[in-house]
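What follows is one structure encoded as C-alpha cells, with my remarks underneath.
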Amino acid sequence: MSDLYLYDDVPVLRNKLGIKDEKTLDLIEAEQSRANMMILYQRGFDDFSPAGLCAIHSFLFGDLYEWAGKYRLINIEKREKLLAGRSVWYSSDEDIPRDLKAAFKKLHTQGWTRFSREKFVSALSRCFPQIWQVHPFREGNTRTVVMMLTFFVEHHGYYMDQELLAACAGYVRDSFVMASLDQFSEFEHLEKILMDAVCEEPIFYDEASLSGLDGADNKQEQYKKYQPEKYIPEPHYKREN
Numbered sequence: 001m002s003d004l005y006l007y008d009d010v011p012v013l014r015n016k017l018g019i020k021d022e023k024t025l026d027l028i029e030a031e032q033s034r035a036n037m038m039i040l041y042q043r044g045f046d047d048f049s050p051a052g053l054c055a056i057h058s059f060l061f062g063d064l065y066e067w068a069g070k071y072r073l074i075n076i077e078k079r080e081k082l083l084a085g086r087s088v089w090y091s092s093d094e095d096i097p098r099d100l101k102a103a104f105k106k107l108h109t110q111g112w113t114r115f116s117r118e119k120f121v122s123a124l125s126r127c128f129p130q131i132w133q134v135h136p137f138r139e140g141n142t143r144t145v146v147m148m149l150t151f152f153v154e155h156h157g158y159y160m161d162q163e164l165l166a167a168c169a170g171y172v173r174d175s176f177v178m179a180s181l182d183q184f185s186e187f188e189h190l191e192k193i194l195m196d197a198v199c200e201e202p203i204f205y206d207e208a209s210l211s212g213l214d215g216a217d218n219k220q221e222q223y224k225k226y227q228p229e230k231y232i233p234e235p236h237y238k239r240e241n
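So that you can map any letter, position 103 of the sequence shown is 103 in UniProt numbering, and since no number is skipped, the others follow by simple counting.
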C-alpha cells in the first residue's frame with residue numbers, strides 16, 4: 001500500500017508549494033520552521049496538552065503541509081544508526097490519542113515546583129521522551145516536542161539555551177531515541193545536554209558570540225562535545241505491517 005503523504009510519482013511529501021525535489025523541500029521546511037519557531041517563541045505558549053502539541057506543529061509546518069497539526073493516519077518507522085538500522089517502536093496510528101493522553105498525564109503528575117534543578121532535568125528527561133515516542137505526526141515530531149519542552153522549561157522559571165539544542169540537533173534526537181527503548185531506555189544522554197541547556201540565569205545571544213568572537217570558542221567546544229559532525233536529518237517511512 002502506498003504512502004498517502006507522498007506524491008504518486010516521487011517519494012517526496014505532498015506540500016502546498018508543489019515541490020517535488022526532496023533536498024529543496026528539506027531546505028525550505030528547515031528555514032520556514034525555524035522562522036516560525038522564532039515567531040511563536042516571541043508570542044509565548046503555555047498549553048501543555050495533546051491539543052497544544054498539535055497547535056505547535058500546525059504553527060511550525062502549516063505553511064507547507066495540509067496535515068500540519070493533525071495526527072498521522074499511517075504507521076511509520078525510521079532506521080536509526082544507533083539501533084543498527086532498526087526503528088524506535090512509535091505508537092500505532094489508532095493508539096496516538098490514548099498514548100498522548102497517558103504521556104501528558106505523567107507530565108502533569110510530577111512535582112515540578114518542588115524539584116531542584118537537577119531533579120527537574122531528570123524528570124524532563126523521562127517525561128518528554130514518552131511524548132516524543134508517540135510520534136503523532138508524519139514529520140516534524142522532534143522539532144515540535146523540543147519547542148514544547150522549551151516553553152515548559154521557561155514556564156517553570158528556568159531559561160533554555162536554544163542555541164545549544166539547535167547546534168546539537170543530531171545529539172538531541174539521538175538522545176530521544178535512546179530514551180525511548182522501553183525497559184532498555186537510557187535517559188542519561190538527554191539528561192546530560194539538558195543539564196547544560198536548562199539554566200537559572202537568562203541567556204544572551206549577541207552577534208559576537210554567534211560569529212566566532214569573544215567566548216564563542218568555548219561555545220563551539222561545547223557543541224563539539226555533543227555533536228562533532230554536521231547533522232543530516234533522515235526521513236521517516238511508512239511501516240509495512
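The C-beta atom is built at its ideal place from N, Cα and C for all residues, glycine as well.
In the structure shown, Leu13 adopts extended strand secondary structure according to DSSP, grouped into three states.
Between Ser122 and Glu80, the C-beta gap is not smaller than 8 Å, which leaves the two residues out of contact. Asp174 counts as buried, since no fewer than 16 other beta carbons sit within 10 angstroms of its beta carbon.
Leu181 sits in coil when the DSSP states are folded into three classes, being neither helix nor strand.
Under DSSP, Cys199 takes part in a beta bridge, and its partners are Tyr159. Taking a contact to require three or more Cβ pairs closer than 8 Å, the segment 74–92 and the segment 150–161 do not qualify as touching. In the DSSP assignment, Leu6 is bridged to Leu13. Pairwise C-beta distances place the segment 176–185 out of contact with the segment 195–205, as fewer than three of them are shorter than 8 Å. Taking the Cα of Asp3 as reference, the smallest distance to any Cα among Glu29, Gln32, Glu77 and Tyr159 is reached at Glu77. Straight-line measurement puts the Cα of Gln133 at about 26 Å from the Cα of Ser116. Rounded to whole angstroms, the separation of the alpha carbons of Met38 and His57 is 14 Å. For Phe151, the three-state secondary structure derived from DSSP is helix. Here Lys106 has Cys127 and Gln130 as same chain residues with Cβ atoms under 8 Å from its own Cβ, once five neighbours each way along the sequence are excluded. In this structure, the straight-line span from the alpha carbon of Pro202 to that of Gln42 is close to 15 Å. Residue range Arg117 to Val134 is occupied by the alpha helix (DSSP H) that includes Pro129. The way I'd put it, the segment 14–21 does touch the segment 48–66; three or more beta-carbon pairs between them come closer than 8 Å. Looking at Gly111, Leu82 and His135, the one whose alpha-carbon comes closest to that of Arg98 is His135. Per DSSP, Glu139 lies in no alpha helix (DSSP H) and is assigned neither H nor E. Setting aside the 5 residues that flank it on each side, Met160 is surrounded in the same chain by Thr150, Val153, Glu154, Ala197 and Val198, each with a C-beta closer than 7 Å to its C-beta; the list follows chain order. When DSSP states are grouped into helix, strand and coil, Asp63 belongs to the coil group. Minimum Cα-Cα distance from Ser92 among the listed residues Val145, Leu82, Tyr71 and Glu31 corresponds to Tyr71. Looking at Glu186, Arg143 and Leu53, the one whose alpha-carbon comes closest to that of Ala167 is Arg143. Taken atom to atom, the span from the alpha-carbon of Gly170 to that of Gly44 is near 26 Å. Counting only residues of its own chain and dropping the five nearest sequence neighbours on each side, Ser185 has a CB closer than 8 Å to the CB of Pro129, Met178 and Ala179. Residue environment analysis places Gly140 among the buried positions, since at least 16 neighbouring C-beta atoms fall within 10 angstroms of its C-beta.
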